[in-house]
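Right, one structure below, let's go through it.
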Amino acid sequence: MASAQHNGELYLPTDPEILKEQNYYLNLLYDFNQLRPSDSDQRQRLMEQLFGDLGEGCYIESPFHANWGGHHVHFGNYIYANFNFTAVDDTHIYVGDHTMIGPNVTIATAGHPVLPALREQEYQYNLPVHIGSNCWLGAGVIVLPGVTIGENTVVGAGSVVTKDLPANVVAVGNPCKVMRPISEKDQQYYYRQRQIEWSKIQLKKRLELNLIKYWFY
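In terms of our numbering, the sequence shown opens at residue 1 and continues consecutively.
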């Protein structure tokens with residue numbers, strides 16, 4: 001049964017063995033959501049118990065919601081998730097380094113058959129989600145099962161991502177579509193006609209390398 005949960009087959013999530021393991025992580029998640037923001041050490045300890053993988057410097061605002069408490073979520077380094085992040089993590093969700101997740105974002109891996117007779121019997125299937133490094137998912141974004149989002153891509157607020165998105169683009173809409181590539185103009189303006197004052201920006205080495213890559217688009 002556990003293999004069906006992670007290989008895209010139809011299975012019954014109400015299987016007693018599955019529910020027993022799932023409830024263990026849901027109880028930990030409940031404890032996490034009761035902590036004060038100042039309880040930073042305990043927050044970190046619980047996140048390390050909850051997540052499948054947790055890199056350095058990750059932070060999640062409470063409340064955090066997850067079908068498996070984050071047990072099937074794999075975070076790289078320095079990931080930030082804002083309030084009401086929902087991970088429907090019945091199977092695996094992979095998120096790369098330095099990705100930002102806005103408030104009320106949902107990343108879903110679980111789906112249900114269209115056929116009513118199968119839904120009535122509570123059948124489900126799961127498909128993994130992959131999100132690259134240095135992405136930004138704006139407020140209210142929904143990412144559906146099986147989707148891959150390439151590195152550096154920005155997904156606009158309220159978008160519903162139903163299909164894969166390439167790297168290095170800005171994508172928006174429902175269904176979400178590529179609006180434009182990230183380009184040289186983005187090195188001049190951070191928002192509409194608001195210019196980046198580079199003399200006031202303290203660059204880290206990683207950012208310098210990314211800028212060089214974009215200059216040669």
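Cβ coordinates follow ideal geometry from the N, Cα and C atoms, glycine included.
1) Evaluate Thr14 with the Cβ neighbour count: other Cβ atoms within 10 Å of its Cβ, from every protein chain shown; 16 or more gives buried, anything less gives exposed.
2) Which partner residues does Trp136 have in the DSSP bridge list?
3) For a quick check, are the C-beta atoms of Thr222 and Asn126 less than 8 Å apart?
4) Closer than 7 Å: is that where the CB of Ser159 sits relative to any heavy atom of the ligand COA?
5) Using DSSP bridges, identify the partner residues of Pro263.
6) If we ignore side chains and look at the alpha-carbon of each, how far apart do Leu137 and Lys177 end up?
7) Is it buried or exposed, Tyr190, if we count other Cβ atoms within 10 angstroms and call 16 or more buried?
8) Going by DSSP in three states, Ile201 sits in which element: helix, strand or coil?
9) How many angstroms separate the CA atom of Arg43 from the CA atom of Asp97?
10) Along the chain, where does the alpha helix (DSSP H) that runs through Tyr78 open and close?
11) On the CB-based measure, 16 or more other CB atoms within 10 Å of its CB, does Phe216 come out buried or exposed?
12) Is Arg194 helix, strand or coil when you go by DSSP?
13) Roughly how many angstroms lie between the CA atoms of Tyr80 and Leu26, to the nearest whole one?
14) Within 10 angstroms of the Cβ of Asp89, are there 16 or more other Cβ atoms? Answer buried if so, exposed if not.
15) Going by Cα to Cα distance, which pick from Glu122, Glu17, Gly102 is closest to Val154?
16) Taking buried to mean at least 16 other C-beta atoms within 10 Å of its own C-beta, is Val73 buried or exposed?
17) Please report the residue range of the alpha helix (DSSP H) in which Phe32 lies.
18) Please name the residue in Ile142, Trp198, Gly156, Asn168 whose C-alpha comes closest to that of Thr162.
19) Just grab the DSSP bridge partners of Thr106 for me.
Quick look at the numbers:
1) Classification for Thr14: exposed.
2) According to DSSP, Trp136 bridges with Met100, Val154.
3) The first residue shown for the chain is 1 and the last is 217, placing residue 222 beyond what the model contains.
4) You won't find the ligand COA in this model; it holds no ligand whatsoever.
5) Since the first and last residues shown for the chain are 1 and 217, residue 263 lies out of range.
6) Cα to Cα, Leu137 sits roughly 14 Å from Lys177.
7) Burial call: exposed.
8) For Ile201, the secondary structure class from DSSP, reduced to helix, strand or coil, is coil.
9) Going by the C-alpha atoms only, they are around 20 Å apart.
10) Counting along the chain, Tyr78 falls outside any alpha helix (DSSP H), and DSSP gives it neither H nor E.
11) Residue placement at Phe216 cannot be trusted, given a pLDDT of 40 that sits under 50; what the coordinates show is reported in the next sentence. Using a 10 angstroms sphere on the CB of Phe216, the tally of other CB atoms stays under 16, which defines it as exposed.
12) If DSSP states are grouped into helix, strand and coil, Arg194 belongs with the strands.
13) Roughly 21 Å between the two C-alpha positions.
14) Residue environment: Asp89 is assigned as buried (16 or more neighbouring CB atoms within 10 Å of its CB, all protein chains considered).
15) When the alpha-carbon of Val154 is set against those of Glu122, Glu17, Gly102, the nearest one is in Gly102.
16) Result: buried.
17) Where Phe32 is concerned, the enclosing alpha helix (DSSP H) stretches over 16-34.
18) Among Ile142, Trp198, Gly156, Asn168, the Cα nearest to that of Thr162 belongs to Ile142.
19) According to DSSP, which records beta bridges pairwise, Thr106 is partnered with Thr86, Ile142.
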